[in-house]
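This report refers to the structure that appears directly beneath it.
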Amino acid sequence: MKSSDVVANAFAMPLTSPSYPKGPYKFVNREFLTITYRTDMEALRRVVPEPLEIPEPLVKYEFIRMPDSTGFGDYTESGQVIPVTLDGVAGGYVHSMFLNDDAPIAGGREIWGFPKKLADPALRVEKDTLVGTLDVGSVRVATGTMGYKHRELDHDKVLKGFEAPNFMLKIIPHVDCTPRICELVRYYTLDVTLKGAWEGPAGLELHQHALAPVSDLPVLEVVSAVHLMTDLTLGLGEVVHDYLQPKG
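When we follow this note's numbering, the leftmost residue of the sequence shown carries the number 390, and every step to the right adds one.
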């Protein structure tokens with residue numbers, strides 16, 4: 390294989406059989422259970438990188454069911470998003486993500502810098518309750534519950550929330566384990582079709598795990614919970630801050 394062929398075909402690994410196709414990545418019937426809770430501000434300050442700012446001590450714990458996504462297939466995800474601001478614009482910092490499918494783990498880490506790790510999340514309806522769980526091996530790490538479709542939400546207000554940017558810390562190591570890429574990346578959710586939106590009473594339990602430390606942001610008070618059904622496109626990212634460039 391010529392060097393020019395390597396460059397022409399190098400968008401993902403392995404070179405001759407990439408773990409995922411090129412985007413855009415579209416999702417059909419993407420379902421969210423998002424529980425917003427109050428936590429400890431000092432704990433947030435330990436994990437949210439500059440130049441992001443934390444307006445109040447809140448965390449959004451998500452369980453996301455994705456039965457139909459281009460290239461990534463059928464999988465489920467769970468993790469924490471922290472409400473932040475950058476230059477006065479409100480958005481969300483993706484702090485942790487756990488999922489059960491190799492393609493979106495590889496693609497998410499390599500393209501955007503999503504903090505994805507392998508685990509076993511689930512989202513299902515049990516009689517009158519929407520139930521989200523996260524297991525790492527045999528250990529239960531998170532359990533979220535919400536009353537099923539108790540009150541319908543205003544669709545225009547929910548769609549407005551999807552317009553906010555999301556941020557993550559993309560880290561790609563060099564061959565000597567020093568950082569080759571260390572960037573703050575921003576992306577947007579695009580082409581959102583909202584098929585349903587509800588709120589209801591909710592509960593959230595987080596348990597200690599050495600390699601899935603979601604409980605390091607403890608639940609002090611559950612603030613709200615929403616259940617959404619959507620179609621959407623995951624937009625590609627842009628670099629908004631390069632930590633390896635000397636400050637001018």
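Backbone N, C-alpha and C define an ideal beta-carbon position, used for all residues, glycine too.
{"Check": "Closest by C-alpha distance to V417, when choosing among G497, T534, G585", "Outcome": "G585"}
{"Check": "Helix, strand or coil at V608 [DSSP, three-state]", "Outcome": "coil"}
{"Check": "Candidates S458, T578, S467: closest to F452 by CA position", "Outcome": "S467"}
{"Check": "Strand pairing of F416, partner residues [DSSP]", "Outcome": "S458, L621"}
{"Check": "Supposed close pair L433, I443 - CB separation, criterion 8 Å", "Outcome": "5 Å"}
{"Check": "Cβ separation of T518 and T532, assumed to be a contact under 8 Å, to the nearest whole Å", "Outcome": "That pair is no contact at about 11 Å."}
{"Check": "Which listed residue (R529, G480, N489) has its alpha carbon closest to that of A599", "Outcome": "R529"}
{"Check": "Sequence-distant residues of the same chain with beta carbon closer than 8 Å to T428, five excluded per side", "Outcome": "P446, L447, V448, L606, P607, V608, L609"}
{"Check": "Given 8 Å, three or more beta-carbon pairs between the segment 564–578 and the segment 630–637", "Outcome": "yes"}
{"Check": "Endpoints, beta strand (DSSP E) assigned at K506", "Outcome": "505–507"}
{"Check": "Straight-line Cα distance separating Y414 from G624", "Outcome": "8 Å"}
{"Check": "Buried or exposed by the 16-neighbour rule on C-beta atoms within 10 Å, applied to A614", "Outcome": "buried"}
{"Check": "Residues that DSSP places opposite S485 in a beta bridge", "Outcome": "Q469"}
{"Check": "Beta carbon of G502 nearer than 8 Å to that of S408", "Outcome": "no"}
{"Check": "Rounded C-alpha distance that separates Y558 from G477", "Outcome": "Reading off the sequence shown, one finds Leu at residue 558, where the question assumed Tyr. Straight-line Cα distance between these residues: approximately 19 Å."}
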